[in-house]
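Reviewing the structure listed below.
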Amino acid sequence: MKGKREIGLLVVLVVLIAACSFAKPIFLDPRNINSILLWMPLLLVAAVGQFPVIVARGIDISTGSIVGLSAISVGLLVKASPTIPVPMLFIAGGMVGLILGCLNGLIIAFGKVPAVVATIGTLTAFRGLTFVVSKGDQIDSTAIPQSLTSLANQGINIGNVTISWLLFIGFVLAILAFFASNRLQFYRNIFAFGSNPDAAFLRGISPKTVELICYCASGSLAGVAGTMYLARFGFANPGSAGQGFELIVIAAVAIGGVKITGGSGSIVGVFLGCALLSCINVALTVLGIDADWQLLVYGATILIALIIDSVSQRRKATA
Amino acid sequence: MKRPELIPAILTILVVAFFWKISPDFRDVNYLLANTTIFAETGLLAIGLTLIIISGNIDLSVGSSLVLTSCLVAKFTNDGTPIFVSVLMALIIGTLLGTINGLLITVGKLPSFLVTLATMALYRGAAQAMMGPASAKVPQPLKGIDRSDFHGLPYPFIIFVICALIVGLILHRMILGRWLFGIGTNKEAAHYTGFPVNRATISAFAITGFLIGISALLMDSRLGVARHDLAKGIELDAITIVVAGGTAIAGGKGTMIGTVLSWLLIYFVKTGMGVNNLKAEYQLTIIGIILVLSVFSQQIADRFSTNRQRKTTKIEAR
Amino acid sequence: MIRISSILALGALLLVGCNSGASNETSTSTTPSSTESGAKLKVVFIPKNTGNPYFKPLGAGIEEASKELGFDYQEQGPATGDATSQLPIIKDQIQRKVDVIILAANSPDALNEVLDDAKAKGIVVVTVDSDLEKNESHRDVGVMATDTSKIGPAQIELLGREMNYEGEFAILSATTDSPNQNAWIAHMMTTLKDPKYSKMKLVETVYGNDEPQKSSTEMEALMTKHPNLKGVLSPTSVGLAAAAQVLENSGMYPGGKKAANGGIHLTGLSTPNQLKKFVANGVITAFQLWSPKDMGSLAAYLGTAAKSKKIELKSGTEVDGPKGTKVKLNDKGVVFAGDLVTFDKANIDKFDF
Amino acid sequence: MQATGKIELRKLDIQPLVRVEKLNVVLGGNSILKDIDFALCPGQIHAITGENGAGKSTLAKVLAGIYQPYSGEIFLDEKSVVIRSPGEAIRHGIALIHQEPLIFPDLNVAENVFVGRMPKKANMVDHREAIRRTTEILQRLGVGIEAESEVGNLSIAQQQMVELATAMSEDAKVWIFDETTASLTSKEVGELFTIIRALRDQGCAVAMVTHHLNEVFEIADTVTVLRDGTKVAERKIVDLDHDQLVNLMVGRDISQDHLSRSGLDKVEGFLEVKNLTGPGFHNVSFSVGKTEIVGIAGLVGAGRTEVARALFGITQPTSGSIKARGEPLQIRSPKQAQRAGFALVPEDRQKHGLFPSLNIGFNTSANILEESSKASWISERRLDSRSTEILDSFKTVFSGLKQQVRYLSGGNQQKTIIARWLLGNPDFLILDEPTRGVDVGARREVHQALRAQAEAGKALMVISSDLSELLTLTDRIYVMKGGTIVGEMKSKDATEESVMALAFGGGSE
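Protein chains in written order, with numbering that gives the first Met the number 0: chain A, 0 to 318; chain B, 0 to 317; chain C, 0 to 352; chain D, 0 to 508.
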């Protein structure tokens, strides 16, 4: 039973790629593949963070603002001390995210505020903070060291295709999350909690701890994505960094077959969801779809993906 | 605390008193009334979302529906459709877009969050595909409703109050309202009880669509132009109003008066901050905090009332 | 209980409204005019959005003028650059009874109505940087960067010189409905008809929506779709910065590791600070911009002059500019702030904005 | 019975595993348990009984760490302890088996069993080991469940077994069963009791919270009776008989007379079902007449609830016919069923019946909204007066129509739901487990109300796993097994044994 959904998703992905490359053979050009591969890392890392939250019946809508605040904070840090080693920047981004995620977690787990409400609130509050922290100034490319931005263009070369270090980090985090989600007691507790919160409590799983840690995880991975944002784009604007990103992340997780009502889903699905969304986004550009029509096509594709998934799930249920 | 809407009511009074004291520019009733015109459009969406959220659903696409409707209406009116017809059309298109959401959720058996996440892109995308970079001018007779008033009350404000009243009556005094509360509390039980779950859910989305139609007319009339990139992020504003007004995001609980009071609260806060030129970033932070705090305080109030209810039962039971 | 009190509250609001309806006229006529009382003028600058680096020097220009001319200066921008995000702010400024609004308009037409209100209250509306294209009557005067008809040709010439006036090139713009961008692109098209540029071929115009992610993807797609691409022109700073980062990553800039037949030349419009790094490491040879600071002070001079000296701003009017200059409004009521500056390795470090 | 002597010995020799002293529990400002002294000894089965609301479950939950005492002390092995959370109770070796099986539908059996404490290898969860150990435990329990199957797909009885396996894996010394038999069939109850006796013989201390008196007599060694939060008695079973126990529980006499129909044997037909086949049942034929109460007996999973759901339009039959009042009927939705004059009081009150956070008025009047309104306009006054009237006629205890229904006791909640359906004045009323989780007194009141409905000319169909309920309440009983009807008998001629014989069946179908 398990894994069927992932296979279905893989089929959709392959069909999409086949269709795109049939329409435009350059879709399979190494450069285009690189472009898709560069779309993925941020999305993947943030989605891997969003995953436990949704499994635990929550949602983190503040992801985009956490990415922005983390990108700006790391930018300010590297501007102040340019010699700081790159791994430290990722840790710093993760720490900023951790603090923000922890705040979300406290509001949700201890304040008993519903997750949607709490994170819509912090979505705006954190965005405001981003402006306050940056005093409204953009972090310009001059401030970002080559050692950071090179993570986006250097990496493991397979022919002309480059697995950038950014994507490599994304892969590593996803693989770690994959093993953690299967092999860590705590992560299994998240699944149990999402499957039946009352029962989990009675089995000695503390709901507060589960929720707190889920939002901390989501926050810190969004924070890491913030550092990746700097590496990928080489600058960060307090207004635009991460703006609207949360909806892409949630869409990727949902398309990845994670039950939005909690309790089930897999990192493999999340990975495929991210790959699918990255392909769609790059396809919109490379297929030469008129700029004014792209949003329409994007919306329609997501809707169709959801409907296909729902229909196939129901088929399986009746079969 | 028996009525959670007490919280926005008290806060509103405090906020008005505060700004009234510190800001001479705020101390101007004409201005406070005239300024409601922008906010009435958001308020109309919040009225509809109150129904949807009480039924245990959510609609993220309200802003996109608003834009699509306003663009279509402006375009057609511009092409010579009579005003009467375009007003009717706005209401029909809005209702239709809401109904599509409702159908996808009920017949398609998809979570409303995901459906409306997709239609949020789809509807705005349709507006962009139709309009391209151009904007459609709204012809004169449709323009300027926000500057006309009835004894000092701007018409958009009156329309908002009337709509809140009517939808409030639907919610609290008519069968549909009971159905929605039932569905939002326990969908399965509602089905077993013979509530028309699908029809009622679609109705909530359709009514919201109808209100979006009105809102689109108000926006067209106020701005004089329609473009695909208007009203971005308005859905979060509207959801914020509904939830801060005591409507439970999980469904089954909420009141229209709560939404109206919360609308007033957020309106006064925004106006007060704006007229004092508080920096945009602080405004954002404050609105976010208000949302979290008001829901948090309702949770606390809820816990007290729960204890009280338990107590009463026990005493009477003896 | 609460229901009653809330109904009362609403009722009170309605009642006050009814009463105040009658006093509407008086309140309009009593709008105090600071000029008459001799108090300082109140000038407010509304950028497209806060945090946009381009508007920093522009604001600085106004601030400098405020010291020279002695007026009160405030900046109040919206958090996002949406079409109507400035609308409530303008309403607030009307209520705050400011004298001059300097506005970088997010939309050429969505603000028409509220700007009319401002003008009716005697507020001077000056647009900077982005004008109300085809809706010029809704403001008093526009202070624009450089003659639009000059920017297109200058950009084409800059790119042409870099790519030796031959080969394929593409334009990476902001949004499909940005009036400035579209005006410049239109002028670029006309310029390309000049025989001098006959060997330059515009292969595609794409839009990055001024989002880093979208702009990067568009830039990458351009390089994939057009293997013979020799130039990219991005007349928007977000697009240019994102494109520069992509180009640096790909190593396909002139002199880069993977540069084939001379590499891809990138240029466009941006403030110098955003691109210093790319000029230093050779990804970008040169790019252009006018002086936003001059634009800011000119807007401040025009606006305050119109308010305090009651000059009617119409085409042909001559007004005192900063530092004893005189400027004249053209037929659209527009003043141009100055010429384009080309930034390159030689001069870029002299600029800080 | 011959074990009595041994028990006596054990009790003298062995100190209690768990003991509470002067326990007081206050919830939401109400005193739920008052000055309770209670002890569980190894090798002993101790029943805790009493009416609904007497505090039985609360006592169990305090021991399991779900509720905290207001005052009083808990001793484990005569050492004073504080049990702050369910997790601590588990670590102390106390296991609570819940009425509704406590399962994680999305996880597999092994993960359910070892939830929160999976076997580890180098600090990593070892799924293979979990499956191995689960299989072992399941074999010991003698149940045929795959350790890798998803628990959401199991039957309720199987899920109950998963919960037992969980406690088993925890090496629990103290076992508390909280109304565990409520959703089990008699056969499953028998299997459960075998397991419980085995636990006792291994030296575990067992507490059974139940209001089924026959269970008390069947399995317990000692019984503690609670009434209104105080302990009224602790007796050895051998010193008690049925009537004495009932008296202790309710503090008054309750007669056990048969409620069957007065009057003629001949009834006017109402419902005629022929060869109905659908999801979970096949070739079902039966009839229900006016003024008649028909019972459906059978094991859980025999297809009883499925037939009821199909009759009410929740699922669709694939073939066969339903006739009411002689007219053929097609029922596609509960709405249509309602229009045909049908009503269904569902088996799962919490899931399919109640609107827990809405008020009693809403819950009671949910079915008569349309008939009590003009042009969709609700007359709240009319709804309220009708609700109050019917709730009062059932002796429902509540503080006001505006009170949230979730704060009512189980019995009063059930009355609210039955009231909802009776308000709609149906001709045919289906009740699926109408008195599950309802205490003795309330149960009696419900039965009387149902009989009154039949007398008034309605047709009733009662599905119940409680044979004594079927025998006392109904006129005729159909027995289902394996998705079809295997027998029919008159209630006055039937005995528990004869019904059970059919329900289990000897040979194949």
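Virtual Cβ for every residue (Gly too), placed ideally from N, Cα, C.
Chain-ordered chain A contacts of residue i [CB-CB under 9 Å]
{"i": "E110(D)", "result": "R187, F190, A191"}
{"i": "Q273(C)", "result": "Q137, D139, S140, T141, F234"}
6 Å Cβ shell around residue i - same chain, five flanking residues per side excluded
{"i": "M251(C)", "result": "K257, A258, G262, I263"}
{"i": "T134(D)", "result": "A146"}
{"i": "S129(C)", "result": "A103, A104, N179"}
{"i": "V287(D)", "result": "F269, L270, V293, A458, M460"}
C-beta atoms of residue i and residue j nearer than 8 Å
{"i": "A189(B)", "j": "V196(B)", "result": "yes"}
{"i": "W420(D)", "j": "A339(D)", "result": "no"}
{"i": "T145(C)", "j": "L339(C)", "result": "yes"}
{"i": "R475(D)", "j": "K489(D)", "result": "yes"}
{"i": "S277(A)", "j": "L15(A)", "result": "no"}
{"i": "A124(A)", "j": "I106(A)", "result": "no"}
{"i": "L297(C)", "j": "V334(C)", "result": "yes"}
{"i": "V127(C)", "j": "L57(C)", "result": "yes"}
{"i": "R123(B)", "j": "S63(B)", "result": "yes"}
Nonlocal neighbours in the same chain, by C-beta distance under 7 Å from residue i, ignoring five residues either side
{"i": "I35(D)", "result": "V19, L22, L58, K230"}
{"i": "A22(A)", "result": "L286"}
{"i": "L400(D)", "result": "N358, I359, G360, D383, S386, T387"}
{"i": "D170(D)", "result": "G92"}
{"i": "V257(A)", "result": "F50, I53, V54, G264, G268, V269"}
Backbone secondary structure at residue i - three-state DSSP
{"i": "N358(D)", "result": "strand"}
{"i": "K23(A)", "result": "coil"}
{"i": "F280(D)", "result": "strand"}
{"i": "G244(B)", "result": "coil"}
{"i": "I47(D)", "result": "strand"}
{"i": "T312(B)", "result": "Residue placement at T312(B) cannot be trusted, given a pLDDT of 44 that sits under 50; what the coordinates show is reported in the next sentence. Of the three classes helix, strand and coil, the one that applies to T312(B) here is helix, per DSSP."}
{"i": "P87(C)", "result": "helix"}
{"i": "V11(A)", "result": "helix"}
{"i": "V97(C)", "result": "coil"}
{"i": "E366(C)", "result": "With chain C covering 0 to 352 only, the question about residue 366(C) has no answer from this structure."}
{"i": "G69(C)", "result": "coil"}
{"i": "D197(A)", "result": "helix"}
Chain-ordered chain B contacts of residue i [CB-CB under 9 Å]
{"i": "R95(C)", "result": "D24, V274, N275, N276"}
Cross-chain neighbours of residue i in chain A, by beta carbon under 8 Å
{"i": "G124(B)", "result": "W292, Q293, L294, L295, V296, Y297, G298, A299"}
Closer than 7 Å at the beta carbon, the chain C residues around residue i
{"i": "A385(B)", "result": "Outside the modelled stretch of chain B, which goes from 0 to 317, sits residue 385(B), for which no answer is possible."}
Residue i: contacting residues in chain A (beta-carbon distance under 7 Å)
{"i": "V113(C)", "result": "Result: empty, since nearest Cβ-Cβ is about 22 Å, beyond 7 Å."}
Under 9 Å from the C-beta of residue i: neighbouring residues of chain C
{"i": "G154(A)", "result": "Ordered by position in chain C, no residue passes the 9 Å Cβ test against G154(A), which lies about 11 Å from the chain."}
Contacts of residue i in chain B (Cβ-Cβ under 7 Å)
{"i": "I429(D)", "result": "Residues of chain B passing the Cβ test: none, with the nearest at roughly 11 Å."}
{"i": "K334(D)", "result": "G193, P195"}
Partner residues on chain D for residue i, Cβ-Cβ distance less than 7 Å
{"i": "K252(B)", "result": "S356"}
Residues near residue i by beta carbon distance below 8 Å, same chain, minus five either side
{"i": "F149(B)", "result": "I157"}
List, from N- to C-terminal side, the alpha helix (DSSP H) runs of 4 residues or more that fit wholly inside the segment 120–178 of chain D.
126–140, 155–168
Entirely within the segment 118–171 of chain C and at least 3 residues each: give me those beta strand (DSSP E) ranges in chain order.
123–127, 140–143
3 or more residues per run - each beta strand (DSSP E) lying fully within the segment 411–489 of chain D
427–431, 458–462, 475–480, 483–489
Can you give, in chain order, each stretch of the beta strand (DSSP E) that sits fully within the segment 91–122 of chain D and has at least 3 residues?
93–96
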